[in-house]
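Here the structure is laid out as structure tokens; the discussion comes afterwards.
Residue numbers (my numbering), protein chains in the order written: chain A, 369 to 893; chain B, 358 to 837.
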């Protein structure tokens, strides 16, 4: 079992990241592992050799002889050649794009752990380099877009004139897409995002962007949180949407990847043509073939005043932080590889097993797949338009004097009456006054929006005068009885009319989240 | 049997209170209304049963008459229920104020009828001289309040419906007339009581006629836009009339219910008056544009130019906004634009625009009228906010759409002491970046005063019928 981890310099031109930082070295050496860092491995990311030494690493001229090698980019043929026999290699592997790699590793009887194959389950999030790097890339894509955009991202109102916020379309609301939404929103842009997976809507909207959708019922929810390849009808509808959006937006950031295949072409030439001069397309899929027809990987293409950025090193452009995240992902991964001073390979581990391309030169039979969608919890964004607290309509001090004086007057009047009036009357007066107070308390609590229903319901209950009419209906058919019956008649109209119209009205009041609120008409334009 | 009746009345009273309490929140309002229905059903059912099994003359002839009375009662309730249910089903939400007014009039009328009946044939009143006097005074008060409510509500109904002109009818010396009428009503009580039942019935008839005239005159003198206050006041009168009937019949349930309704109407009137920064007396006795008020023309002259926008320009501004607030007024109800407003709201929300509504307490012709109209159209109630909850948000608002409102968005109320609405709280929509006022033409609002809002720097006008304008906006927003 490996006890020494080698960290080589990245050989790919433009790659500035490194698979270990002084911080991660410290964590690894604490558990007894030895770490050999190639001289200058962290230089491009801003980690000096001395810092690694301080953290407990040994500086070496070549790290490829170690029992285990941690790396960012897939090893080249040359590097594999320098690998010692039966070594463990941990890195992004992407064997789809480099078919010779597996053969070379097999020849070395190497064990290959492909970081991109780590299943995207909750438990594995802390070792998910794709997420940690995509997050950085998404942010960086927005920053690059802003720096190439010939205008402000946020709205500006100045004495010399005003500009509206830049409109940013983000295609694909995965980790990178969501990070891009957050960054673009933070710069003040107006953001809309598209994703084939309906599950993305909530996350997109929680970040304050608008979720665009096409008028076709087809979920793009593929396995492992990736989008699957969609039907031709869907793609046509999608294209129509992008074409329409291109007339409005200033920035398109595309993040659409299909695992193990060429990225889908979502931004063809005519969409770019529809953009205003000065607009920017950032193709985050440039390395996998690009979402934009005009993308040249690693380059900025200018086409009719529109810049198409095909940078393949977005995360690498922030190598200091991206290396830190990458290295910490690997430290967490090591947590799955035993506890002591040697790395073990738990073949039954459901996170490690799917990532093992080769075990001692042999492919492993696949475990039955069980890959739920990753829960990429979007950061909490406080809502600016939170509802203000309910305020009391009543101003107590204002009414206090009036009601005190009024109350005293009532009491005085009652004393006067009490001197002469029969006790029966006084009893009724008591009831009356108390009921007034109850009514006063209860009705002040009624929300102003319901004042019309309040009126109609009080209309209905004042129909209680029907009892009065009823009581007056005697045995004979004299005038009092007829008057009583008439009173009953009118009171009944009131009762029925009041209650029923109130019911009708109250049914109309609904909250925003009520099912009836779902409206899919209109869609996006 | 009396015990059962008392318990039934008690439960009905409690259920009515719970019914009103239920209206404090939208979530509990429906169940509140149902509790009210249950309370009413209990009260009426038990009263009916008591009436049926009560101690009566057991002779055959009496039983026959009783049967006839029962048939009459059943007929009255059946027909009344049918009429009420039909009214409730047919009424349009824009017509709610009329329905409420007409229902008030029925309570007033019923109180008058019960008063007469009770005077002619007192039930369960002791024959003690003092008790008789008290009863007769109660009848007097009940009939007077009932008659004022009845005719006042009829006039209010006519004004709301438009069959009576909304302009205040101002007879010369009308305050004097009112005062004389009130004094005569009080004065007539003396010979009435002295005459003793049933000799005083003509006094009662005369007084009823006078009170009815007073009711007509009081409401005729009030202008159309003050109708929310009048309707709430009449609501409270109908409650007091019911309470008075309870006194004359010694029935606690009537007293309790009447008191509840009376307080409710009073509170609504207070709320409306505060919203207009006027006292109830000012609303009832001194309308706008009367000799008592300062001439409105003294307000600062409006200078400046009215800037007009076309529907598609407004639609573009709306589509690009983040925060939109819609201020609906009576004009929205008149042109029945609430459905179109909801469509506009939905289209904008689909574009990610936050749309909210700002409701001034006196917008419309009934307290809460705008809320009901918007609810009818399908606007969710949690985006419909009261004035004090949204006024501070206007500075952060991109576009305000004022639909058929005028005086409630008049900045003179805050800064022009010579204006007749100075001091009235208004929706400060001009603090938003852009205010678009939908209006038929440049006519002044109800208060008859100019609105400097229309010529402010950030204000644009969209002329035309509210419904047509909004339909055009919806089409343009959908297309854009």
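C-beta: ideal position from N, C-alpha, C; glycine also.
Predicted, not measured: the structure shown is a model, and the values here were computed from it.
- In this chain, the alpha helix (DSSP H) harbouring residue 691 (chain A) covers 687 to 704.
- Only those residues of the region 372 to 403 of chain B whose C-beta falls short of 7 angstroms from the nearest C-beta of chain A are listed: 373, 374, 376, 377, 378, 380, 381, 382, 383, 386, 387, 390, 393, 394, 397, 400, 401.
- Per DSSP, residue 756 (chain B) lies in no alpha helix (DSSP H); the unbroken beta strand (DSSP E) holding it starts and ends at 756 to 760.
- Distance between residue 682 (chain A) and residue 460 (chain A), taken at the CA atoms: about 16 angstroms.
- Under a criterion of Cβ atoms nearer than 7 angstroms, the residues of chain A adjacent to residue 433 (chain B) are, in order, 853, 856, 857, 860.
- Among the CB atoms of chain B, none fall inside 7 angstroms of the CB of residue 538 (chain A).
- Per DSSP, the continuous beta strand (DSSP E) segment holding residue 651 (chain A) begins and ends at 648 to 651.
- Measuring C-alpha to C-alpha distances from residue 709 (chain A) to each of A:657, A:374, A:396, A:383 identifies A:396 as the nearest.
- Around residue 408 (chain B), the beta-carbon contacts reaching into chain A at under 9 angstroms are 838, 839, 841.
- Collapsing the DSSP output to three states places residue 394 (chain A) in a helix.
- Under the Cβ distance rule, residue 822 (chain A) counts among the residues neighbouring chain B, one pair being separated by less than 7 angstroms.
- Judged by beta-carbon spacing, residue 628 (chain A) lies within the 7 angstroms limit of residue 464 (chain A), meaning their Cβ atoms are closer than that value.
- Using a CB distance cut-off of 7 angstroms, residue 751 (chain B) does not count as an interface residue toward chain A.
- Uninterrupted alpha helix (DSSP H) stretches at least 4 residues long and entirely within the region 445 to 480 of chain B occur at 453 to 477, given in chain order.
- In the displayed model, residue 387 (chain B) falls within a helix according to three-state DSSP.
- Closer than 7 angstroms at the C-beta level to chain A, one finds these residues of the region 721 to 755 of chain B: 723, 724, 725, 726, 728, 729, 732, 733, 737, 738, 739, 740, 741, 743, 745, 746.
- Within its own chain, the residues whose Cβ lies closer than 6 angstroms to the Cβ of residue 551 (chain A), once the five positions on either side in sequence are excluded, are 507, 510, listed in chain order.
- In the structure shown, residue 467 (chain A) adopts helical secondary structure according to DSSP, grouped into three states.
- Comparing alpha-carbon positions, the option among A:806, A:676, A:816 lying closest to residue 724 (chain B) turns out to be A:816.
- In the DSSP secondary-structure assignment, residue 676 (chain B) is not bridged to any residue.
- With 16 or more other CB atoms across the displayed protein chains lying within 10 angstroms of its CB, residue 572 (chain B) is buried.
- About 7 angstroms separates the Cβ atoms of residue 372 (chain B) and residue 393 (chain B), confirming a contact at the 8 angstroms cut-off.
- A direct Cα-to-Cα measurement between residue 721 (chain A) and residue 676 (chain A) gives close to 39 angstroms.
- Counting C-beta pairs with one atom in each stretch, the region 377 to 387 of chain B and the region 804 to 823 of chain A have three or more that are closer than 8 angstroms, which means they touch.
- Under DSSP, residue 530 (chain A) shares a beta bridge with A:525.
- Residue 626 (chain B) sits close to residue 589 (chain B), with the two beta carbons spaced by under 7 angstroms.
- For residue 848 (chain A), the nearest beta carbon of chain B is closer than 7 angstroms to its own beta carbon.
- Residue pairing by DSSP puts residue 480 (chain A) in a beta bridge opposite A:457, A:726.
- Taking one beta carbon from each stretch, the region 476 to 488 of chain A and the region 432 to 452 of chain A have 3 or more pairs nearer than 8 angstroms; the two touch.
- Annotation for residue 589 (chain B): the continuous alpha helix (DSSP H) segment containing it runs 584 to 606.
- Taking residue 755 (chain B) as the centre and dropping the five residues before and after it, the same chain places the C-beta of 678, 679, 680, 790 closer than 6 angstroms to its C-beta, in chain order.
- Contact with chain B is found for residue 830 (chain A), since one of that chain's Cβ atoms lies less than 7 angstroms from the residue's Cβ.
- The closest CA to that of residue 566 (chain A), considering only A:558, A:678, A:579, is found on A:579.
- A straight line joining the alpha-carbon of residue 517 (chain A) with that of residue 807 (chain B) spans about 48 angstroms.
- Identification of residues in the region 780 to 804 of chain A having a C-beta nearer than 7 angstroms to some C-beta of chain B yields 788, 789, 790, 792, 793, 796, 799, 800, 803, 804, given in sequence order.
- Using a Cβ-Cβ cut-off of 7 angstroms, residue 676 (chain B) does not count as an interface residue toward chain A, since no Cβ of chain A sits closer than that to its own.
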